[in-house]
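**Student:** Dropping the structure in here first, questions after.
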Amino acid sequence: MKKEIIVIIMLVCGFSINAQKSKIIGSWVITKVETPNKTQNPYLLIEFAKRSKMLMKGKELATWSYSKKKNEILLKSDMEKDFNGVNKVLKLTDKELVLEKEGVKATYLKLDFDRIAKENAASNLMGEWKIENELDEVQLLKVELPDTFTLIEISSGGRSTLTSKGTWVYNAKEKHVLFIGRSKLLNGKSMIKELLEDKFVFEKEGVKFVANKEKGPTEVAHLTFNVASFPNRQSDISPWTDFDTLLKGLENVTYLKYRERKLIPNTKSFQDNILLSKVDVDLERKSINLTNFSVSSKDTTQYSESFKGGLLNMHNNFFPQKEPGPFRIVKKETIKVPAGEFECKVVEGFDGESKLKYWMVINKPGVYAKIIREDLDIFNHKKYSVTELEEIK
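Sequential numbering of the sequence shown, starting at 94, is according to our numbering.
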């Protein structure tokens with residue numbers, strides 16, 4: 094009889110320990126860390142995996158073991174001292190875990206990815222959103238199902254790009270969304286103030302953000318030609334071969350204004366840049382100088398200069414662009430751009446590994462109505478841009 098009682102007690106204890114361990118096993122987000130002096134909200138995603146491993150981003154961070162007798166979780170880590178040592182369990186439920194170690198209290202929220210997928214799907218947050226800001230930067234939030242997001246931050250003028258990825262969790266009842274990742278801008282809890290089909294307003298730590306949904310992609314006309322389809326010998330000639338006509342055509346032009354739209358990698362959205370070319374023509378010296386600026390709401394920056402005169406660019410009949418090589422004239426086409434309607438010669442060609450397509454205005458030498466450029470960056474990601482004439486003055 095005593096043996097039977099002992100067996101029953103062992104079974105009950107074993108079941109109890111396993112029940113507690115099953116509550117611990119799973120994915121958790123660290124929502125709050127409290128010390129005697131301050132409180133932080135790191136929103137780090139970790140996993141108490143089976144086989145006693147603690148993982149972060151799929152990599153082993155520590156090993157863990159649970160003691161029911163002491164009500165403790167022992168963490169062992171050679172990588173992070175914060176995840177090394179004895180943690181007293183203050184609270185453990187199906188949804189929340191509170192641990193204390195050396196006077197520091199950490200609160201964990203358990204993630205149920207099946208439930209998250211259902212709530213996220215009903216949120217209307219999916220899509221690409223451009224966040225308004227005063228820095229003249231592109232802040233593009235790409236929200237995907239079931240639970241991933243990407244934030245792409247491009248500085249003014251496109252000089253630097255920062256990409257952050259993570260997990261998002263929508264809470265319909267409390268009207269908030271959790272962004273969990275390395276993004277300083279978004280990481281944490283944001284209260285949803287307004288969510289429409291094309292507008293998303295949220296507030297994080299007292300700061301309000303307004304995001305507008307990208308309505309649809311600008312048509313991406315990929316350049317599918319290859320160098321093998323071009324003749325071995327160049328037979329076509331540029332529609333602009335008369336330098337005197339070029340000089341006279343640009344004599345009364347003060348500037349050319351273009352809008353360049355760069356496709357943001359792995360999205361359907363574009364980054365817009367205003368490009369301004371100040372035109373100076375010297376008929377006496379037979380020279381043309383274009384000073385090229387990038388214009389933003391914050392400043393205007395010169396990024397290049399184009400000059401033709403004397404021996405410089407003497408044989409470049411595609412000035413102020415580079416002469417492609419090889420190239421071919423495809424057709425004559427009338428196209429409409431923001432600056433108006435123009436009859437153009439359409440030219441396809443190459444600049445090194447880059448593919449080019451020019452719409453060269455026939456009766457305005459030196460003026461391009463439209464340019465498409467497509468190539469690969471150093472990481473083999475496709476780069477695509479389309480530039481259209483907005484104004485001639």
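Every residue gets a Cβ at the ideal spot worked out from N, C-alpha and C, and that includes glycine.
Which residues bound the alpha helix (DSSP H) around Phe-400?
**Tutor:** Element bounds for Phe-400: not the alpha helix (DSSP H) but the beta strand (DSSP E), 393-402.
**Student:** I need the boundaries of the beta strand (DSSP E) containing Gly-342, first residue and last residue.
**Tutor:** Note, Gly-342: premise wrong, no beta strand (DSSP E); alpha helix (DSSP H) at 336-344.
**Student:** Measuring CB to CB, does Ser-158 end up less than 8 Å from Ser-145?
**Tutor:** Taking 8 Å as the Cβ cut-off, Ser-158 and Ser-145 qualify as a contacting pair.
**Student:** Using beta-carbon positions only, say whether Leu-202 and Thr-124 come within less than 8 Å of one another.
**Tutor:** Contact: yes.
**Student:** Per the DSSP calculation, Phe-386 is bridged to which residue(s)?
**Tutor:** In DSSP, Phe-386 forms a bridge with Leu-369 and Gln-395.
**Student:** Residue range of the alpha helix (DSSP H) that Phe-206 falls in?
**Tutor:** First-last of the alpha helix (DSSP H) with Phe-206: 206-214.
**Student:** Do you know how far the Cα of Gln-395 is from the Cα of Asp-187?
**Tutor:** Cα to Cα, Asp-187 sits roughly 59 Å from Gln-395.
**Student:** If contact is defined by three or more beta carbon pairs under 8 Å, each pair taking one atom from either stretch, is the stretch 115-124 in contact with the stretch 193-202?
**Tutor:** The stretch 193-202 is in contact with the stretch 115-124.
**Student:** Measure from the alpha carbon of Asn-385 to the alpha carbon of each residue in Pro-358, Thr-347, Pro-419 and Ile-422, then state which is nearest.
**Tutor:** When only C-alpha atoms are compared, the closest one is Thr-347.
**Student:** Just the C-alpha distance for Ser-399 and Asp-444, rounded to the nearest angstrom, thanks.
**Tutor:** Whole-angstrom Cα-Cα distance: 17 Å.
**Student:** If we count the other Cβ atoms within 10 Å of its Cβ and call it buried at 16 or more, is Val-100 buried or exposed?
**Tutor:** Model confidence at Val-100 stands at a pLDDT of 34, short of 50, so the residue's coordinates are unreliable and nothing is read from them.
**Student:** With a 10 Å radius around its C-beta and 16 neighbouring C-beta atoms as the bar for buried, classify Ser-283 as buried or exposed.
**Tutor:** The residue is buried, with at least 16 neighbouring Cβ atoms inside 10 Å.
**Student:** Can you give the Cα-Cα distance for Phe-420 and Phe-411, rounded to whole angstroms?
**Tutor:** Phe-420 and Phe-411: Cα-Cα distance of roughly 11 Å.
**Student:** Assuming the contact rule is C-beta atoms closer than 8 Å, Leu-233 and Lys-223 should be a hit. Round their C-beta distance to whole Å, please.
**Tutor:** Correct: roughly 6 Å between the Cβ atoms.
**Student:** Let me know the secondary structure DSSP gives Ala-432 once reduced to three states.
**Tutor:** Three-state result, Ala-432: coil.
**Student:** Terminal residues of the continuous beta strand (DSSP E) containing Tyr-136?
**Tutor:** Neither: Tyr-136 is in no beta strand (DSSP E) and is coded neither H nor E.
**Student:** Spell out the partners DSSP gives Met-219 in its beta bridges.
**Tutor:** In the DSSP output, where bridge partners are listed per residue, Met-219 has none listed.
**Student:** Shortest alpha-carbon distance to Leu-185 belongs to which of Phe-323, Ser-115 and Ile-357?
**Tutor:** Comparing Cα positions, the closest option is Ser-115.
**Student:** Please list, in chain order, all residues of the same chain as Asn-456 whose beta carbon is under 6 Å from its beta carbon, the five residues on each side excluded.
**Tutor:** Around Asn-456: no qualifying Cβ.
**Student:** Tell me whether the stretch 334-351 and the stretch 374-389 touch, counting them as touching only if at least three CB pairs, one residue from each stretch, are closer than 8 Å.
**Tutor:** Judged by Cβ distances under 8 Å, the stretch 334-351 makes contact with the stretch 374-389, as three or more pairs qualify.
**Student:** Excluding five sequence neighbours on each side, which residues of the same chain lie with their C-beta closer than 7 Å to the C-beta of Cys-106?
**Tutor:** Reliability of the predicted coordinates at Cys-106 is poor, the pLDDT of 40 falling under 50, and the value obtained from them is presented with this limitation in mind. Nothing listed; no residue qualifies.
**Student:** Nearest by alpha-carbon distance to Leu-167: which of Lys-174, Glu-481 and Thr-156 is it?
**Tutor:** Taking only the C-alpha atoms, the option nearest Leu-167 is Thr-156.
**Student:** Skipping 5 residues on each side, what residues in its chain have a beta carbon closer than 6 Å to that of Ser-362?
**Tutor:** Contacts found: Glu-221, Leu-233 and Glu-307.
**Student:** Which residue spans inside the stretch 269-302 form an unbroken alpha helix (DSSP H) run of at least 4?
**Tutor:** Qualifying alpha helix (DSSP H) stretches: none in this window.
**Student:** Taking just the CA atoms, how far does Leu-244 sit from Lys-476?
**Tutor:** Distance between the alpha carbons of Lys-476 and Leu-244: 18 Å.
**Student:** Where does Val-320 sit, in a helix, a strand or coil, going by DSSP?
**Tutor:** Correct three-state label for Val-320: helix.
**Student:** Taking all protein chains shown into account, do 16 or more other C-beta atoms lie within 10 angstroms of the C-beta of Ala-432, making it buried, or fewer, making it exposed?
**Tutor:** Buried is the call here.
**Student:** Considering only residues of the same chain and omitting the five flanking positions on each side of Pro-489, which have a CB-CB separation below 8 Å?
**Tutor:** Only positions 94 to 486 of the chain appear in this structure, which leaves residue 489 out of reach.
**Student:** So the candidates are Lys-181, Asn-325, Val-236 and Val-182; which of them puts its Cα closest to the Cα of Lys-258?
**Tutor:** The option with the nearest alpha carbon to Lys-258 is Val-236.
**Student:** What does DSSP give as the partner residue(s) for Asp-470 in the beta ladder?
**Tutor:** Answer is none; Asp-470 lacks a bridge partner.
**Student:** Do Tyr-263 and Ser-216 count as a contact pair if the criterion is CB distance below 8 Å?
**Tutor:** The answer is yes: Cβ separation under 8 Å.
**Student:** Whole-angstrom Cβ separation of Trp-261 and Asp-229, contact assumed at under 8 Å?
**Tutor:** At roughly 26 Å, the Cβ-Cβ gap does not stay under 8 Å, so Trp-261 and Asp-229 are not in contact.
**Student:** Could you check the C-alpha separation between Leu-255 and Tyr-461 for me, to the nearest Å?
**Tutor:** Cα to Cα, Leu-255 sits roughly 32 Å from Tyr-461.
**Student:** Are Ile-422 and Lys-438 closer than 8 Å when you measure CB to CB?
**Tutor:** Yes; because the gap between Cβ atoms is below 8 Å, this pair is in contact.
**Student:** Can you look up Asp-375 in the DSSP assignment and give me helix, strand or coil?
**Tutor:** Three-state result, Asp-375: strand.
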